[in-house]
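Here is the structure we will look at, set down as structure tokens.
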Amino acid sequence: MFSMVYSGSLVAQPQGHEHVVTPPAGKPESEGARIVSGFKFKPLNFVPPKVERVVLENGMVVYLLEDHDLPLFNITARVRTGAVYEPPEKAGLASMTGYVMRSGGTMSMPADKMNEELEFMAASVETSIDRESGSVNLSALKKDIDKGLKIFADVIMNPAFPEEKIRMRKDEVIESIRRENDNPSQIAHREFRRVLYDSKHPYSRKIEGTLETIEKITREDMISFHKNYFRPNNSIFGISGDFNKDEIIRKLNAVFSGWKKEEVCFPEVPKVESRFEKSVYYVYKDINQANVIMGHLGIQRRSPDYFPVMLMNFILGGGSFTARIPGRIRSDEGLAYSAYSAFQTARDLGIFFVACQTKSESTNRAISIALEELEKICKTPVDKEELVQAKETFVNQFIFRFTTSASIVAQKVDIEYEGLPLNYLETYLENVQVVTQNDIQRVARKYLHPDKIRILVVGDREKFDKPLDSFGKVNVIELK
Amino acid sequence: MNKKTLSSIFLVITSIALFTGGSSANSLKLDVKEHVLKNGLKLLMLEKHDVPIVCLRVNYKVGSVDERPGITGVSHLFEHMMFKGTKIFGTKDYTAEKPLLDKEDDLVTKLSNERDKGESADKKRIESLEKELEEVRKKLRELVVKDEVFSLYLRHGASGLNAATSTDGTYYFCDLPANKLELWAFIESDRMKNLVLREFYSERDVVMEERRLRTENSPMGLLVEQLNAVTFIAHPYRWPTIGWRSDVQNITKTDTEEYFKRYYAPNNAVIIIVGDFNPDETVKLVEKYFGDIPSQPAPPKVKTVEPEQRGERRVEIEFESNPFIAISYHIPAIGHPDLYALDILSSLLSDGRTSRLYKSLIEEKRIAVMAHAYNDISKYPDAFTFIAVPRAPHTVAEIESAFYEEVEKIKKSPPSDWEVQKIKNQLEADFIRDLNSASGLANEIGEFEVLSDWRYINTFMDKLSQVTAEDVVRVANKYLAKNNRTVAMLVKKENNQKIKETKETNSAKKPALAH
């Protein structure tokens, strides 16, 4: 039926494995599917362009991919840092540093001047620090590579962190914290993270910080946070676009000439404590639609079970309307516009959750369906056909990871940053193919715990179809 | 359509197959090949062979502007129904299913008539009808192949599989590996020919949930809905694309079927293909699958013209949220020469950290955390809109006067050459960047074809380069005038438990879908 083969070698396959998707076990259920099963599709011939990896003298790892189709240039730096390394009493420090690095200009170029220069040449330099990584990006036209690179390097090495820009950013963050409770889904996600992780673990915090911690952050904190992490030996670069490799390496060496290798010290991040507990949380908000999140701790990005878990989740609730949870909550019963499950992976244990929004009057019904589906996928092996559907989707969508040279390079940078095998893309299809029905059931049982799940609901429980405490004792969270 | 889409249109020198033409920047055009079938179906093709994918769009020239009070939201509901299958997809046996679907409709009508009697309704009759309906639905569920169109596309590698409805058009998106073109032609032509409205009532409920999510419980969604309802007093742009709550709840299958026949005809549709394909073979393929679909009489144009506004309008929305402000001004429809200067004006006001509103409202006065201007270009005259988020303790009133102050400055003295050139540079670069994406190009070609003509893209830069600083002053004076504006403010509601009681009683009475 689906005889799609990437002509043996969508990606370089040293062992020469053939990636043929097993035809579906069952017969096509509809007349349309039967006709489609007779279609012959030509093999897709595509060899992804080869990305080069070089290490410069100062320790910078650089991925390069020349692409001369359009006069464009992109460079991105991935820096090992993140909100996990900030002290709890200064929560928000990493994120603030990541923002003001750019918004505050550099020692030699004030922010206004930088804004004018970049915007006039339609280029951009943007910076950010997230929970577990930092990044700096430059996008410029080919003709502006030199000017752009200079600013890019200057922002990485010499940000000025002027007081007035720090104040401005603090005020913006304070306003956005003030507004968090206007958005039911934002409340739900924030509170869910807070109840899921131990309050001492940095994963339990918002990376934006709180009204109290933000005011404690000083300019000196930001300068030293930046100085500690933004080092050549702590960064991975990705370059794509209309450039010449040798020339660009010369240019990189020139603009980063003053940037020295330095040992980076990382504060210890405690291990996520594995705690599973059945519990129910409720946040009152005057809305006519309940916002539900339920779940528990998930997996690490580097989990050896990553592929079977992703396929399992596709079948359970990640694979759009065709997956089980949205299939029942949305498609069968019309209870929600959005209903899905997801594994958010992180360096340590991430989050597994099911989310949906449903009118107050069907809140318990929707939660019950999700719980039933979690139990079902643990108890009963998935159909062969469901697994084939999931695998074919992963395999046939693979080509869309290669649509632009910038996205190809970004993936290579990401793979090395996450500590995944450097041949991750080359082995991706095989890793999908080898997953069996037994694997799916094994990982469902190992990583899903419907009996020890946390259920959090934002809404107006007076209108719910059944009392929320039918799922357990309700802990009420008061909004400040 | 907002400026974001527009800003991606530009002309550029490049060697790839996307373009024809010579060496000067303004002489290059998107090399779109056009083919029209006998039944009026238009095919727009742009080759881009770097990656073996095809980005496919089927756009219908119908949106909420074509609706009428009573069925507002029908275009969008129909967009959802398009994924529910046809006579051959999504069903194990259509001949067995058809009488059951008819029976379901009949029972739903009877039930709704009985319930409408209110106090005097026959409760026993309602109960027995409900029971009967549940029986029918049980049988129907056994015949359905769940979301088959969606799952077939996915397993063949579809990416970006989605659909969208706007005031002016309905858009179906599907990117596929290049070898799957025939699968797409088969499914899409079948959807145009043989659509079946199955799972209609549950999907109507899904749309109600979408409305609660995007509008009723979202401050920004509510603000925009109310703003439009006051900006337009006659023209259909005044109702929301998702539809008014009571209309969505009561749309019938008959309303939807009539709509389908009239607007989902080949002569009201356009197909866009961007990517790695052979145009001649593709024309043959499209002829083979879509060629036999009969055309329909041309759908009627919207005749209602929004009367000239005779003074400022103001609307206040109470909601449990921090404040927002939006101000709109009427502008002309696509094709009017003033729109290019208005594009520059909106960029001048709010694109980037060197824009006027960013520097003044956010950086200097520090009264806002977001301030943006949008030039919404549509098929019929739409609006130029300003939206801002105040920073406490600053008020929407402060934002309003600061915004007028900036507008007055532009009305009195032209923007600098540097500013105008910066904006032109950015629009040019945005266009080059967008050429990277076959998907983005397919969207743009399709969107402009729905509004008027995809060639808008090829003339855009020429037109834009002719705009002078004085033109910007002129259009600011002409359109951003007090008597042409509507001001909407969302203000925090007192947290009163009693207010909320009245809001949902209506919907609570409606039949819940049988579990």
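From first to last, the protein sequence lines stand for chains S and L.
Here the first sequence stands for residues 1 to 480, where the numbers follow this note's numbering.
Here the second sequence stands for residues 1 to 515, where the numbers follow this note's numbering.
In this text, a Cβ means the ideal position worked out from N, Cα and C, and glycines have one as well.
Glutamate 47/L places its beta carbon less than 9 Å from that of proline 279/L. With its beta carbon at least 9 Å from every one in chain L, glutamine 437/S lies outside the interface. Going by C-alpha positions, tyrosine 281/S is about 20 Å away from serine 274/S.
For the pair phenylalanine 314/S and tyrosine 424/S, the Cα-to-Cα distance works out to about 20 Å. As a beta-bridge residue in DSSP terms, lysine 492/L pairs with Phe319/L. Beta bridge pairing from DSSP links methionine 294/S with Val354/S, Ile455/S. Contact between glycine 59/S and lysine 251/S does not hold, since the beta-carbon distance rounds to 18 Å and is not under 8 Å.
As DSSP reads the structure, glutamine 289/S sits in a beta bridge with Lys359/S. For alanine 185/L, the closest of Ala410/S, Gly32/S, Glu385/S by C-alpha to C-alpha distance is Gly32/S. Counting only Cβ-Cβ distances below 8 Å, threonine 322/S has contacts in chain L at Lys146, Asp147, Phe150, Ser151, Leu154, in chain order.
Shortest Cα-Cα distance from alanine 111/S to any of Leu65/S, Val55/S, Met168/S involves Met168/S. The C-alpha of tyrosine 428/S lies about 10 Å from the C-alpha of proline 421/S.
Counting along the chain, the unbroken beta strand (DSSP E) around proline 177/L starts and ends at 170-177. Of all alpha-carbon atoms in Glu116/S, Val155/S, Glu117/S, the one lying nearest the alpha-carbon of arginine 102/S is that of Val155/S.
Just so you know, the alpha carbons of methionine 121/S and lysine 90/S end up roughly 37 Å apart. Shown here, leucine 361/L sits in a helix according to DSSP, grouped into three states. Contact annotation: arginine 445/S and isoleucine 236/S have beta-carbon atoms that are not nearer than 9 Å. Proximity of valine 388/S to chain L, defined by a Cβ-Cβ separation below 9 Å, is satisfied. Proximity of chain L to glutamate 172/S at the Cβ level (cut-off 8 Å) is accounted for by Val369, Arg391, in chain order.
Burial check for glutamine 437/S: the Cβ neighbour count within 10 Å stays below 16, so the residue is exposed. Between valine 315/L and valine 487/L, the gap from beta carbon to beta carbon is short of 9 Å. Interface with chain L (9 Å Cβ-Cβ cutoff): serine 470/S is excluded.
The three-state reading of DSSP puts proline 69/L in coil, since its state is none of H, G, I, E or B.
Chain-ordered listing is empty here: chain L has no CB closer than 7 Å to the CB of phenylalanine 161/S, the nearest sitting near 17 Å.
Distances from the CA of valine 450/L to each of Lys409/L, Ala341/L, Ile334/L were compared; the closest alpha carbon is that of Ile334/L. In summary, threonine 95/L is exposed, with fewer than 16 beta-carbon neighbours lying within 10 Å of its beta-carbon over all protein chains present. Against chain L, a Cβ distance below 8 Å from alanine 355/S picks out nothing, because the smallest value is about 12 Å. Among the residues of the stretch 158-178 of chain L, those with a Cβ less than 9 Å away from any Cβ of chain S are Ala158, Ser159, Gly160, Leu161, Asp175, Leu176, Pro177, Ala178, in the order of the chain. Legend: CB atoms of the stretch 279-300 of chain S lying less than 9 Å from CB atoms of chain L belong to residues Lys285, Asp286, Ile287, Asn288, Gln289, Asn291. Below the 7 Å Cβ cutoff, chain L contributes no neighbours of glutamate 126/S, its closest Cβ being approximately 11 Å away. Sequence-ordered contacts of the stretch 260-285 of chain L with chain S are nonexistent [C-beta pairs closer than 8 Å].
The stretch 113-170 of chain S is shown to contain whole alpha helix (DSSP H) runs of 4 or more residues at 145-157, in chain order. Serine 166/L sits in coil when the DSSP states are folded into three classes, being neither helix nor strand. Of the candidates Lys50/S, Lys379/S, Thr403/S, the residue whose Cα lies closest to the Cα of glutamine 441/S is Lys379/S. For serine 240/S, the enclosing beta strand (DSSP E) begins and ends at 235-241. Per DSSP, cysteine 265/S has no beta bridge partner at all.
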